[in-house]
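*Asks:* UniProt numbering puts the sequence shown at residues 29 to 324.
Where is the CB? At the ideal position from N, CA and C, for every residue including glycine.
For clarity, every value in this text was computed on a predicted model and none was experimentally measured.
Dumping the structure here so I can ask a few things about it.
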Amino acid sequence: SKTRKSFSEKINDLVAKYRKVDEDFFEDLEEVLIAADVGVSTVMDLIDDLKMEVKRRNISDSHEVKNVISEKLVEIYYGDDNEESVGLNLQDDALTVILFVGVNGVGKTTTIGKLAHQLKSEGKQVLLTAGDTFRAGAIEQLSEWGKRVDVEVIKHSEGSDPAAVIYDGIQAAKSRNADVLLCDTAGRLQNKVNLMNELSKVKRVIEREVPNAPHEVLLVLDATTGQNALSQAKTFSEATDVSGIVLTKLDGTAKGGIVLAIRNELGTPVKLVGLGEKVTDLQTFDPQAFVYGLFA
Ligand code: GDP
29 SKTRKSFSEK INDLVAKYRK VDEDFFEDLE EVLIAADVGV STVMDLIDDL KMEVKRRNIS
89 DSHEVKNVIS EKLVEIYYGD DNEESVGLNL QDDALTVILF VGVNGVGKTT TIGKLAHQLK
149 SEGKQVLLTA GDTFRAGAIE QLSEWGKRVD VEVIKHSEGS DPAAVIYDGI QAAKSRNADV
209 LLCDTAGRLQ NKVNLMNELS KVKRVIEREV PNAPHEVLLV LDATTGQNAL SQAKTFSEAT
269 DVSGIVLTKL DGTAKGGIVL AIRNELGTPV KLVGLGEKVT DLQTFDPQAF VYGLFA
């Protein structure tokens, strides 16, 4: 609703100002989209598409163009893949392993806690693994979340090998017949080679121990950091195969356009969104509902 307020107000102002679409209308529209963090290259694609569509359909009334904008935003989101499924890839009768990656402070631990709570309330048995053995306090923080949502946390001491902790997490999940194992990892971007080595080692352990796992590699990004989130996404995508994005702190920004930029520029779907600090503030992301909601 925060994104809708700023975005739809501006679009409505634009429609009222121009009534008939012309070059200036498109220039102003470009500004509105960029201000909403949609991302320059995505905006350029969108504006080009829009101009062609308006010409093809012979539309000049700015009210009608508004409908075309929402159609195009949905198209931009899905790209060539409009059959994309919404939500996480969870196994029905086998252990699901989900790996979380992302830099410190983006909300990784909080997301793991919230997701653990959500899955647990759906009747699933959940286990957490404290794979960020690097940052002081990370293990303790995950343990706190474990207590809060009443889920067991598998951990080693600070500085130990993350792959070894994840291995123990998997063995514990198997012996307890757990449904879902959520694995935290360290997020130091400063040293890309280390990050890559660490992530690929952790992934190898998971791949070896559980068939077809990890079932998701979720990159957590802070929506309030805008284009910075986009560059983090690029770096992590180079380090590992990211299957989905968790966009946190959407409650703290009116610039929800970052969702479109991420999907369009990286091709990675946004699967979950964080909308606050409470345990229930995590939602499955539905792109169509999001885009149409902008114009509601
Ligand atoms: P980590 O370092 O990536 O594990 O990040 P944390 O989980 O510790 O989160 C960093 C800060 O962001 C904490 O103060 C969280 O309460 C806060 N946070 C996480 N997710 C959200 C969210 O969706 N909305 C808001 N407003 N705050 C969040």
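Considering only the alpha carbon of each residue, which of A257, I273, T296 lies closest to Q311?
*Replies:* For this step, residue 311 is matched to residue 283 along the sequence shown. Nearest of A257, I273, T296 to Q311, Cα basis: I273.
*Asks:* Is DSSP giving L118 helix, strand or coil here?
*Replies:* Position 90 of the sequence shown, counting from 1, holds the residue named residue 118. In this structure, L118 counts as coil in the three-state DSSP scheme.
*Asks:* Just mark K83 as buried or exposed, buried being the case when its beta carbon has 16 or more other beta carbons within 10 Å.
*Replies:* Mapped onto the sequence shown, residue 83 falls at position 55. Label assigned to K83: exposed.
*Asks:* By how many angstroms is the C-alpha of V319 removed from the C-alpha of K30?
*Replies:* Taking the sequence shown and counting its residues from 1, the one referred to as residue 30 is at position 2. Taking the sequence shown and counting its residues from 1, the one referred to as residue 319 is at position 291. If I take the Cα positions, the gap works out to 13 Å.
*Asks:* Would you say the region 30-41 touches the region 223-240, given that touching needs at least three Cβ pairs under 8 Å?
*Replies:* Because the criterion of three Cβ pairs below 8 Å is not met, the region 30-41 and the region 223-240 do not touch.
*Asks:* Take S185 as the anchor and find which of V238, V179, I194 has the nearest alpha-carbon.
*Replies:* As a position in the sequence shown, residue 185 is number 157, starting the count at 1. For the residues V238, V179, I194, the minimum Cα distance to S185 belongs to I194.
*Asks:* Looking at A158: is its Cβ nearer than 8 Å to the Cβ of K136?
*Replies:* Position 130 of the sequence shown holds residue 158. Position 108 of the sequence shown holds residue 136. No, Cβ-Cβ distance for A158 and K136 is not below 8 Å.
*Asks:* Confirm the yes/no value for this check: CB of T161, any heavy atom of ligand 1, distance under 7 Å.
*Replies:* Taking the sequence shown and counting its residues from 1, the one referred to as residue 161 is at position 133. T161: no, Cβ never under 7 Å from ligand 1.
*Asks:* Taking 7 Å as the cut-off, is the C-beta of L303 nearer than that to any heavy atom in ligand 1?
*Replies:* Translated into positions along the sequence shown, residue 303 becomes position 275. Result yes, Cβ under 7 Å from ligand 1.
*Asks:* Return yes when at least one heavy atom of ligand 1 lies under 7 Å from the C-beta of N132, else no.
*Replies:* Position 104 of the sequence shown, counting from 1, holds the residue named residue 132. Because some heavy atom of ligand 1 lies under 7 Å away, the Cβ of N132 counts as near it: yes.
*Asks:* Buried or exposed, going by whether 16 or more other CB atoms sit within 10 Å of the CB of G130?
*Replies:* Position 102 of the sequence shown, counted from the start, is the residue given in the question as residue 130. It is buried - the Cβ of G130 has at least 16 other Cβ atoms within 10 Å.
*Asks:* Can you name the residues that DSSP bridges to F53?
*Replies:* Sequence index remark: in the sequence shown, residue 53 carries index 25 (1-based). DSSP output for F53 lists no bridge partner at all.
*Asks:* Can you tell me which of L143, I104, L123 puts its alpha carbon nearest to the alpha carbon of E305?
*Replies:* Position 277 of the sequence shown, counting from 1, holds the residue named residue 305. Closest by alpha carbon: L143.
*Asks:* Measuring CB to CB, does T213 end up less than 8 Å from L275?
*Replies:* Your numbering for residue 213 matches position 185 in the sequence shown. Your numbering for residue 275 matches position 247 in the sequence shown. Not in contact: T213 and L275 (Cβ atoms no closer than 8 Å).
*Asks:* Please confirm if the region 154-168 is in contact with the region 247-257, defined as three or more CB-CB distances below 8 Å between the two stretches.
*Replies:* No contact exists between the region 154-168 and the region 247-257.
*Asks:* What number of angstroms, rounded off, separates the C-alpha of G285 from the C-alpha of S203?
*Replies:* Within the sequence shown, the letter at position 257 stands for residue 285. Within the sequence shown, the letter at position 175 stands for residue 203. Roughly 43 Å between the two C-alpha positions.
*Asks:* For a minimum of 3 consecutive residues, which ranges assigned as the beta strand (DSSP E) are wholly contained in the region 224-298?
*Replies:* The qualifying runs are 244-250, 272-276.
*Asks:* Residues in its own chain within less than 7 Å of F162 by CB, not counting five upstream and five downstream?
*Replies:* The residue labelled residue 162 in the question sits at position 134 within the sequence shown. Contacts found: A214, R216.
*Asks:* Is P239 closer than 8 Å to V125 when the C-beta atoms are compared?
*Replies:* Along the sequence shown, one-based indexing puts residue 125 at 97. Along the sequence shown, one-based indexing puts residue 239 at 211. Not a contact, by the Cβ cut-off of 8 Å.
*Asks:* Once you ignore the five residues that flank V181 on each side, which residues in its own chain have a CB closer than 7 Å to its CB?
*Replies:* As a position in the sequence shown, residue 181 is number 153, starting the count at 1. Once the five neighbours on either side are set aside, the close Cβ partners of V181 are L156, A158, L170, S171, G174.
*Asks:* Within 10 Å of its beta-carbon, does T308 have 16 or more other beta-carbons around it, so buried, or fewer, so exposed?
*Replies:* Reading the sequence shown from its first residue, position 280 is the one you call residue 308. Result: exposed.
*Asks:* Find the nearest neighbour of V154 within the set L123, L57, V230, T139, judged by alpha-carbon distance.
*Replies:* The residue given as residue 154 occupies position 126 in the sequence shown. Closest by alpha carbon: L123.
*Asks:* Among D207, G133, N292, L300, whose alpha-carbon lies nearest the alpha-carbon of D120?
*Replies:* Numbered from its first residue, the sequence shown carries residue 120 at position 92. Minimum Cα distance to D120 is reached at D207.
*Asks:* Look at the alpha carbon of N86 and the alpha carbon of L74, and state the distance between them as a whole number of angstroms.
*Replies:* Taking the sequence shown and counting its residues from 1, one reaches residue 86 at position 58. Taking the sequence shown and counting its residues from 1, one reaches residue 74 at position 46. Cα to Cα, N86 sits roughly 18 Å from L74.
*Asks:* Could you check if V245 belongs to the surroundings of ligand 1, using beta carbon to heavy atom distance under 7 Å?
*Replies:* Translated into positions along the sequence shown, residue 245 becomes position 217. Flag unset: Cβ of V245 not near ligand 1.
*Asks:* Helix, strand or coil: which one does DSSP assign to L74?
*Replies:* Within the sequence shown, numbered from 1, the residue matching residue 74 stands at position 46. L74: helix per DSSP, three-state reduction.
*Asks:* Do you know how far the Cα of V134 is from the Cα of V270?
*Replies:* Along the sequence shown, one-based indexing puts residue 270 at 242. Along the sequence shown, one-based indexing puts residue 134 at 106. Roughly 16 Å between the two C-alpha positions.
*Asks:* Quick one: is the Cβ of Q169 within less than 7 Å of any heavy atom of ligand 1?
*Replies:* The sequence position of residue 169 within the sequence shown is 141, counting from 1. Answer for Q169: yes, Cβ within range of ligand 1.
*Asks:* L246: which of V233, A267, G254 sits nearest, CA to CA?
*Replies:* Numbered from 1 along the sequence shown, position 218 holds the residue referred to as residue 246. The option with the nearest alpha carbon to L246 is A267.
*Asks:* Mind reading off the beta-carbon distance from F53 to S90? Whole number of angstroms is fine, and I expect it under 8 Å.
*Replies:* Translated into positions along the sequence shown, residue 53 becomes position 25. Translated into positions along the sequence shown, residue 90 becomes position 62. Contact flag correct, Cβ pair sits at about 6 Å.
*Asks:* Would you kindly check if the distance between the Cβ of V66 and the Cβ of A289 is under 8 Å?
*Replies:* Translated into positions along the sequence shown, residue 289 becomes position 261. Translated into positions along the sequence shown, residue 66 becomes position 38. The answer is yes: Cβ separation under 8 Å.
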